[in-house]
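Heads up, the thing below is written out as structure tokens.
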Amino acid sequence: MKNFIYALCCLSFCSIVGGAIYEHVNIVPQWAKAPPASLAMFQGDYGARVEVFWMFIHPITLFLFAITLFVSWKSARRKHIVFPLALYLIVLVTTSIYFVPELVEILGTTYSTTIDQSLVERAHLWESLSHLRLLFIAVASVYLLSGLTKPESNKLT
Numbered sequence: 058m059k060n061f062i063y064a065l066c067c068l069s070f071c072s073i074v075g076g077a078i079y080e081h082v083n084i085v086p087q088w089a090k091a092p093p094a095s096l097a098m099f100q101g102d103y104g105a106r107v108e109v110f111w112m113f114i115h116p117i118t119l120f121l122f123a124i125t126l127f128v129s130w131k132s133a134r135r136k137h138i139v140f141p142l143a144l145y146l147i148v149l150v151t152t153s154i155y156f157v158p159e160l161v162e163i164l165g166t167t168y169s170t171t172i173d174q175s176l177v178e179r180a181h182l183w184e185s186l187s188h189l190r191l192l193f194i195a196v197a198s199v200y201l202l203s204g205l206t207k208p209e210s211n212k213l214t
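Residues in the sequence shown are numbered consecutively from 58, following our numbering.
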């Protein structure tokens, strides 16, 4: 059962990494290209609502991390859970302090066919910093996955 719970935690966390990679390859470059004109993909009745995925996956992942940590506390896997969880919490805090508010402000810009250079610069800064954020969670996910190779027994090594 411990292996199953750990695997679910890994799957959920890797879903976050996958979602972030998808957004960084397909969505972010498009909206960051030429705002506010490029923001049309998020506006109107049929605009993309990418936040639905993130609002769904983060609580599930945190819950799975908590359960996994609880059942693996006295095992060699503990550090393979604590380190990724700590990085993930740092990413969540920075996301709530900077990334979400900045994104909401940029995406809330009124549509215009003209390109606002200051908005383009803000978008590119957001994108660059978000690549760093993605790197942190990718590294954390590899470390979390490597914990599956550790024994689930209640012996710390």
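We put the beta carbon where it would ideally sit given N, CA and C, even for glycine.
If you're wondering where the values come from, they're calculated on a predicted model, not measured in any experiment.
Query raised in the report: Would DSSP call PRO93 helix, strand or coil?
Result: Numbered from its first residue, the sequence shown carries residue 93 at position 36. Here PRO93 sits in strand by DSSP.
Query raised in the report: Does the pairing of the region 119 to 130 with the region 64 to 72 give three or more beta-carbon distances under 8 Å?
Result: yes
**Report entry** Expected contact under 8 Å - CB spacing of TRP88 and PHE99 to nearest Å
**Finding:** Position 31 of the sequence shown, counted from the first residue, corresponds to residue 88. Position 42 of the sequence shown, counted from the first residue, corresponds to residue 99. Indeed, because the Cβ distance is near 7 Å, the residues count as touching under 8 Å.
Query raised in the report: Would GLY75 be called buried (16 or more neighbouring beta carbons within 10 Å of its own) or exposed?
Result: Residue numbering aside, residue 75 sits at position 18 when the sequence shown is read from its first letter. Its Cβ having fewer than 16 others within 10 Å, GLY75 is exposed.
Query - Short Cβ contact (8 Å threshold) for ALA133 with LYS207 - result: Numbered from 1 along the sequence shown, position 76 holds the residue referred to as residue 133. Numbered from 1 along the sequence shown, position 150 holds the residue referred to as residue 207. Yes. Within cutoff.
Query raised in the report: Alpha carbon to alpha carbon, how far is GLN174 from LEU191?
Result: Taking the sequence shown and counting its residues from 1, one reaches residue 174 at position 117. Taking the sequence shown and counting its residues from 1, one reaches residue 191 at position 134. Those two C-alpha atoms are separated by around 25 Å.
Query raised in the report: Curious, which full-length alpha helix (DSSP H) runs of at least 4 residues does the region 102 to 146 contain?
Result: 108 to 128
Query raised in the report: What's the gap between the Cα of VAL109 and the Cα of LEU149?
Result: Within the sequence shown, numbered from 1, the residue matching residue 109 stands at position 52. Within the sequence shown, numbered from 1, the residue matching residue 149 stands at position 92. Using only the alpha carbons, I get a separation of about 16 Å.
Query raised in the report: Just how far apart, CA to CA, sit ALA195 and PHE70?
Result: Stepping through the sequence shown from its first residue, residue 195 is reached at position 138. Stepping through the sequence shown from its first residue, residue 70 is reached at position 13. Rounded to the nearest angstrom, the two C-alpha atoms are 9 Å apart.
Query raised in the report: What's the call for TRP183, buried or exposed, on a 16-neighbour Cβ count within 10 Å?
Result: Here residue 183 refers to the residue found at position 126 when the sequence shown is read from its first residue. Its Cβ being crowded by 16 or more others within 10 Å, TRP183 is buried.
Requested in this report: Just confirm the distance between the C-beta atoms of THR167 and PRO93, as a whole number of angstroms; I'd bet it's less than 8 Å.
Outcome: Locating residue 167 in the sequence shown gives position 110, where the first residue counts as 1. Locating residue 93 in the sequence shown gives position 36, where the first residue counts as 1. About 7 Å; that satisfies the 8 Å criterion.
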